[in-house]
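Novice: Numbering (our numbering), first residue to last: 7 to 562. Below you will find the structure I want to go over with you.
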C-alpha cells in the first residue's frame, strides 16, 4: 500500500473508525481474491486478458445449441478442403481400414471346457459369423456387408459427431439370420418439433429419466435438411427392450463434457483454421494460374467507345463468348490498339515462395489438435528414420484408442446380438447362454483386429518382435496381429498344409531325378547322355575312386 493510501486511511480512522475498519477488511478480502489464478489466467484487469470473451455454459449451451452449424461446416470442409478430406480419410483408413475382423476368444475356464473344445467352438462361431457378416443381407438397406458398414459408421461419426445404429429384425430368403443393422444419420436424431424441453428431459433428441439415464431416442421420419415434401414427424424408440433388456439403439459418440448427450464432429476444433487455409490455398492457386497467362491491362486516354480488345480473336479460340464483359487474349494473337491506348503487362509474382512454409506451419497446428502428426497428415515422410518412427508411434496410440472405442461401442454389441440369435436358433451350441450372465459373457468374449501398422524398417522391427517374444514381453499371437493383422493359429494351420504340399512336390522331383534312363537321373549319377550306365561303373573301377551314393533327406 502506497503512502497516499496510508495517509487517507489514517485520516478516516481518526474521523470514522468504523468506516476505516470496513476499508481494512475489504482490502484484506481483495488480497485473498487476487491470489493464485486471479493473477494469471483468471485476471480481469490485464490488458492482454480484458478483451477475452470467455463466457460459457453447460454442455447443452456450449455443444448442443451449436451442433447443426458444426455438422454442416464439417461436412463442407470434408467435401471441399483437401487437408480436411485427408485428415478424415487418414483416420478412417488407419482405425477401421477394410473393417475390424472378428477373432472369438471364448473363456474356456469359465465354461469348463478344454482348450481343444474352445478352439473348435471358436472355429464354428467364425464360420457362422462369416455367413452373416460377409453378406449385404446384414444391412437393412441391403447394400453393404458388416465391414463396409463399419467404414460408413465411422466416417459419419467423424463428419457429424455421432452415428445412430438401430438393430431391427427382418426375414430374408436364403439367410438364416434375421438381425439387421440400420444406420441413421445424426441430423435425424432431434427433439420433437425441434424444441428441447426446459427441464432437460429431452435434449438433442435424447430422453433421460430423473436419474439421468438415457431411456429413449427421438428420430424424425425424414432428414430435416431434405427437400422432401413430407410432414415432419418423430418416432420415439426406447433405448432398451422392457422385457429382455436388449439394446435397441447404439449411439456412437465420444463425450468430452459431463451431461453431454450429443457428439461433436472430429474437425470442430479446427474448423476456422481449415476454412482459412482452404481460402488461402484457392487464392494462391488462382494467382498461379493467372501468372501462367500473359495478362495485360489497357490504358486509355479517353472514354471513347470502340472495339474492345479481343474482338479480333476467332470464335473457336474464345472461351466465354456469351459474357459481354469478358476480354480474352488468343494464343499468339496480334492486336491493333486504338489511338491513345497502351498495353501494360502484369506479373502477380506467383507461385509464392513462402506458400509451402506457411501451409506447413498451419498444418502442424491442425495436426496437433487432431492428434495426427504433420508427416502423416500430409503423407510427407522426409525426416530421419527415428523422427518418422516417432510420429507413427504417436499416431498409433490415437488410432488404437479409437479402434478400441469402435469395437466396444459398435462391433461387439452387434456381435453379441447376432450370437444370441445364433444360439436361440440352435446353429451354435452354447449351454447356459441365456440363463447365466457370466457364461454368456464367456461365450461372447472376442477380439477385433484392424489393419496392421506400417513398417518403416521391416528387418529391424521383425527382429525386435522376435526378441520380445523370446523374453516373454509379448506373444506370437499379439505380434502377428500387430505386424500383419493376421491370426497366429490360422497361420500355423496354413503353414502345416503348405509344408505338407511342399514335401510332396520335393518327393516327386527327387524321384524323377533318380529314375534310371532319365536325363536328370543320368546327370545326377554322373553318366553322360547316351553313355551306358555299366560303362560309367567300369570307368570308376579303373580310376580307383569309390562310388558316391546320393544322400537323401529324412523327409525322403
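Heads up, the beta-carbon is just placed ideally off N, CA and C, and yes, glycines get one too. Computed from a predicted model, the values in this text were never measured in an experiment.
1) From residue 72 to residue 138, what does the alpha carbon distance come to, in whole angstroms?
2) Classify residue 75 as helix, strand or coil using the three-state DSSP reduction.
3) Taking buried to mean at least 16 other C-beta atoms within 10 Å of its own C-beta, is residue 536 buried or exposed?
4) Below 6 Å CB to CB, which residues in the same chain sit around residue 468 once its five sequence neighbours on both sides are set aside?
5) Which term fits residue 117, buried or exposed, when burial requires 16 or more other beta carbons within 10 angstroms of its beta carbon?
6) Measure how close the beta-carbons of residue 161 and residue 94 come, nearest whole angstrom, since I'm counting them as under 8 Å.
7) Ignore the nearest five residues each way along the sequence and tell me which others in residue 110's own chain have a CB closer than 7 Å to its CB.
8) So which of 383, 198 and 292 has the shortest CA-CA distance to residue 400?
9) Could you tell me which whole beta strand (DSSP E) segments of length 3 or greater appear in the segment 359-423?
10) For chain C, find out if any of its Cβ atoms is closer than 8 Å to the Cβ of residue 471; answer yes or no.
11) Tell me which residue opens and which closes the alpha helix (DSSP H) that residue 158 is part of.
12) Could you say which of 213, 455, 105 and 465 lies nearest to residue 268 if we only look at CA atoms?
13) Take residue 215 and list the residues in its own chain whose beta-carbon comes closer than 6 Å to its own, dropping the five residues that flank it on each side.
14) Who pairs with residue 225 in a beta bridge, going by DSSP?
15) So, using beta-carbon positions, are residue 456 and residue 155 closer together than 8 Å?
16) Mind checking residue 168: buried by the 16 CB within 10 Å criterion, or exposed?
17) Does the distance from the CB of residue 240 to the CB of residue 174 come in under 8 Å?
18) Suppose contacts are defined by Cβ-Cβ distances below 8 Å. Is residue 89 in contact with residue 369 by that definition?
19) Quick check for students: name the residue ranges of the alpha helix (DSSP H) that lie wholly in the segment 54-134, counting only runs of 4 or more.
20) Less than 7 Å between C-beta atoms, sequence neighbours within five positions excluded: which residues of the same chain meet that for residue 15?
21) Smallest Cα separation from residue 164: which of 225, 255, 152 and 102?
22) Quick one: what's got a C-beta closer than 8 Å to residue 62's C-beta in the same chain, skipping five residues either side?
23) Quick check: the segment 271-285 against the segment 415-433, are there 3 or more CB pairs under 8 Å?
24) Tell me which residues share the same chain as residue 191 and place their Cβ nearer than 7 Å to its Cβ, disregarding the 5 neighbours each side in the sequence.
25) In the DSSP assignment, find the unbroken alpha helix (DSSP H) run with residue 475 in it and report its ends.
26) Spatial neighbours of residue 284 within its chain, please: C-beta separation below 6 Å, excluding the five flanking residues on both sides.
27) Report the rounded CA-to-CA distance for residue 10 versus residue 58, giving the unit in angstroms.
28) Residue 185 and residue 424 look like a contact to me (Cβ under 8 Å); what is the Cβ gap, rounded to whole Å?
29) Please list the terminal residues of the continuous beta strand (DSSP E) segment that includes residue 213.
30) Could you give the distance in angstroms between the alpha-carbon of residue 454 and the alpha-carbon of residue 447?
31) Let me know if residue 77 comes out buried or exposed under the rule of 16 or more other beta-carbons within 10 Å of its beta-carbon.
32) Do residue 171 and residue 479 count as a contact pair if the criterion is CB distance below 8 Å?
33) Assuming residue 266 is part of the beta strand (DSSP E), what are its boundary residues?
34) Does the separation of the CB atoms of residue 381 and residue 389 fall below 8 Å?
35) How is the beta strand (DSSP E) around residue 169 delimited, first residue to last?
Specialist: The short version:
1) Your numbering for residue 72 matches position 66 in the chain shown. Your numbering for residue 138 matches position 132 in the chain shown. Using only the alpha carbons, I get a separation of about 39 Å.
2) The residue given as residue 75 occupies position 69 in the chain shown. Residue 75 falls in the helix class under three-state DSSP.
3) Your numbering for residue 536 matches position 530 in the chain shown. Confidence is the limiting factor: at residue 536 the pLDDT is only 49, short of 50, which leaves the residue's position unreliable and the question unanswerable from this model.
4) The count along the chain shown starts at 1 and reaches residue 468 at position 462. The answer is none, since no qualifying residue turns up.
5) Translated into the one-based positions of the chain shown, residue 117 becomes position 111. Its Cβ being crowded by 16 or more others within 10 Å, residue 117 is buried.
6) Sequence index remark: in the chain shown, residue 161 carries index 155 (1-based). Sequence index remark: in the chain shown, residue 94 carries index 88 (1-based). That belief holds up - the Cβ atoms of residue 161 and residue 94 are roughly 7 Å apart, short of 8 Å.
7) Within the chain shown, residue 110 is the residue found at index 104, counting from 1. If we look at residue 110 and ignore the five residues flanking it on each side, its Cβ neighbours are 128, 131, 132 and 452.
8) Residue mapping note: residue 400 aligns to position 394 of the chain shown, counting from 1. Closest option to residue 400, Cα to Cα, is 383.
9) none
10) Here there is only one protein chain, and chain C is not present.
11) Against the chain shown, residue 158 aligns to sequence position 152. Residues 152-166.
12) If you number the chain shown from 1, residue 268 lands on position 262. For residue 268, the nearest C-alpha among the options comes from 213.
13) Sequence index remark: in the chain shown, residue 215 carries index 209 (1-based). Taken in chain order, the residues that qualify are 221.
14) Against the chain shown, residue 225 aligns to sequence position 219. According to DSSP, residue 225 bridges with 195 and 241.
15) Residue numbering aside, residue 456 sits at position 450 when the chain shown is read from its first letter. Residue numbering aside, residue 155 sits at position 149 when the chain shown is read from its first letter. Cβ distance not < 8 Å, so residue 456 and residue 155 don't count as in contact.
16) As a position in the chain shown, residue 168 is number 162, starting the count at 1. Residue 168 should be labelled buried.
17) Here residue 240 refers to the residue found at position 234 when the chain shown is read from its first residue. Here residue 174 refers to the residue found at position 168 when the chain shown is read from its first residue. Contact flag unset, no.
18) Here residue 89 corresponds to residue number 83 of the chain shown, with the count starting at 1. Here residue 369 corresponds to residue number 363 of the chain shown, with the count starting at 1. For residue 89 and residue 369, yes; Cβs fall inside 8 Å.
19) 65-68, 73-86, 88-101 and 114-117
20) Here residue 15 is taken as the residue at index 9 of the chain shown, counted from 1. Excluding sequence neighbours, residue 15 sits near 26 and 29.
21) In the chain shown, residue 164 corresponds to position 158, counting from 1. Ranking the options by Cα distance to residue 164, first place goes to 102.
22) Here the question's residue 62 lines up with position 56 in the chain shown. Counting only Cβ-Cβ distances below 8 Å, and skipping sequence neighbours, we find 68.
23) no
24) As a working mapping, residue 191 is identified with position 185 in the chain shown. Here the set comprises 162, 166 and 229.
25) As a first step, residue 475 is located in the chain shown; it is residue number 469 there, counting from the start. Segment 464-476, the alpha helix (DSSP H) holding residue 475.
26) Numbered from its first residue, the chain shown carries residue 284 at position 278. So the qualifying residues of the chain are 87.
27) Stepping through the chain shown from its first residue, residue 10 is reached at position 4. Stepping through the chain shown from its first residue, residue 58 is reached at position 52. Each residue's alpha carbon lies about 33 Å from the other.
28) For the purposes of this step, residue 185 is taken as residue 179 along the chain shown, with counting starting at 1. For the purposes of this step, residue 424 is taken as residue 418 along the chain shown, with counting starting at 1. Right, the Cβ-Cβ distance comes to about 5 Å (below 8 Å), so this counts as a contact.
29) As a working note, residue 213 is residue 207 in the chain shown. From DSSP, the beta strand (DSSP E) with residue 213 extends over 212-214.
30) The residue labelled residue 454 in the question sits at position 448 within the chain shown. The residue labelled residue 447 in the question sits at position 441 within the chain shown. Their Cα atoms are separated by approximately 16 Å.
31) Within the chain shown, residue 77 is the residue found at index 71, counting from 1. So residue 77 counts as buried.
32) For the purposes of this step, residue 479 is taken as residue 473 along the chain shown, with counting starting at 1. For the purposes of this step, residue 171 is taken as residue 165 along the chain shown, with counting starting at 1. No, these two residues do not count as a Cβ contact at 8 Å.
33) Within the chain shown, the letter at position 260 stands for residue 266. Where residue 266 is concerned, there is no enclosing beta strand (DSSP E), given that its DSSP letter is neither H nor E.
34) Residue mapping note: residue 381 aligns to position 375 of the chain shown, counting from 1. Residue mapping note: residue 389 aligns to position 383 of the chain shown, counting from 1. Yes, the pair counts as a contact, with Cβ atoms nearer than the cut-off.
35) As a working note, residue 169 is residue 163 in the chain shown. 169-172 is the span of the beta strand (DSSP E), which, as asked, contains residue 169.
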